[in-house]
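Q: In this note's numbering, the protein residues as written are 124 to 289. Glycine included, every Cβ here is placed at the ideal spot set by N, Cα and C. Quick one: this structure, given as C-alpha cells, is what I'll be asking you about.
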Ligand SMILES: [Zn+2]
C-alpha cells in the first residue's frame, strides 16, 4: 500500500539494470529433497558476492519458465529471498514477513516448480500486508490482494521450508 506507487519506477529501473548481464536458467530442485525443507538464513549483506547476479538469474528463470514465483531454496540457495510476480512485475523480496492480514481465506489449485504435476488447494489469506527488504536492503511495506497474495504466501512458505504437498 505504502510503497507500491513510489517504488514502482525504481523497481523497473532495477530490473532493467539487472537485465544487462549474461543470464542463467537456474536448475529447480525437485521434491523430495531435504534442501527444500532446510532452514533459510536471513539476508543481511546485500552486497554479498554473486547475490545481485543470482537475483537476476531468478527473475530470468521465472520469465523463461512462465512461472509466477520462485524461492531461493528451490535453486540451491538457502537464504530468505523470493521473487513473486505481483502486478505483473517481479517483486524481489528479501526477509519477507506477513505483518497483517484480513479475515477472508481463499484457495485455488496451486502448483509448484519443485512439485512436478501436483496441484493442491491451500487456504490462504486474501488480503495481506508484507514487509520485506528490497535489493538495496531498504525495508519496504506492501499490501497485496487476491492471486498475487496467494503467490506471495506460497513463496514465503518455501522460505519456511514448507511445500504445497506437505
Ligand atoms: Zn513453489
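Going by DSSP, what residues sit across from residue 199 in a beta bridge?
A: DSSP, once it has assigned bridges, lists no residue as partnering residue 199.
Q: Three or more C-beta pairs closer than 8 Å, one from the stretch 148-166 and one from the stretch 202-222: is that the case here?
A: With the cut-off at 8 Å, the stretch 148-166 and the stretch 202-222 touch.
Q: Would you decide whether residue 231 is buried or exposed? Buried here means 16 or more other CB atoms lie within 10 Å of its CB.
A: So residue 231 ends up on the exposed side.
Q: For residue 278 and residue 156, I'd like the C-alpha separation in whole angstroms.
A: Their Cα atoms are separated by approximately 17 Å.
Q: Report yes if the CB atom of residue 222 is closer than 8 Å to the CB atom of residue 266, and no otherwise.
A: Cβ atoms of residue 222 and residue 266: not closer than 8 Å.
Q: Measuring only the C-alpha atoms, how far is residue 198 from residue 149?
A: Taking the straight line from one Cα to the other gives about 6 Å.
Q: Helix or strand or just coil, what does DSSP make of residue 180?
A: Helix at residue 180.
Q: Is residue 263 near ligand 1, going by C-beta to nearest heavy atom under 7 Å?
A: No.
Q: For residue 244, which option in 282, 233, 200, 250 has the closest C-alpha, if you only look at C-alpha atoms?
A: Checked all of 282, 233, 200, 250; the closest Cα to residue 244 is 233.
Q: Can you tell me whether residue 236 sits near ligand 1, meaning its C-beta is under 7 Å from at least one heavy atom of the ligand?
A: Yes, ligand 1 has a heavy atom inside 7 Å of this Cβ.
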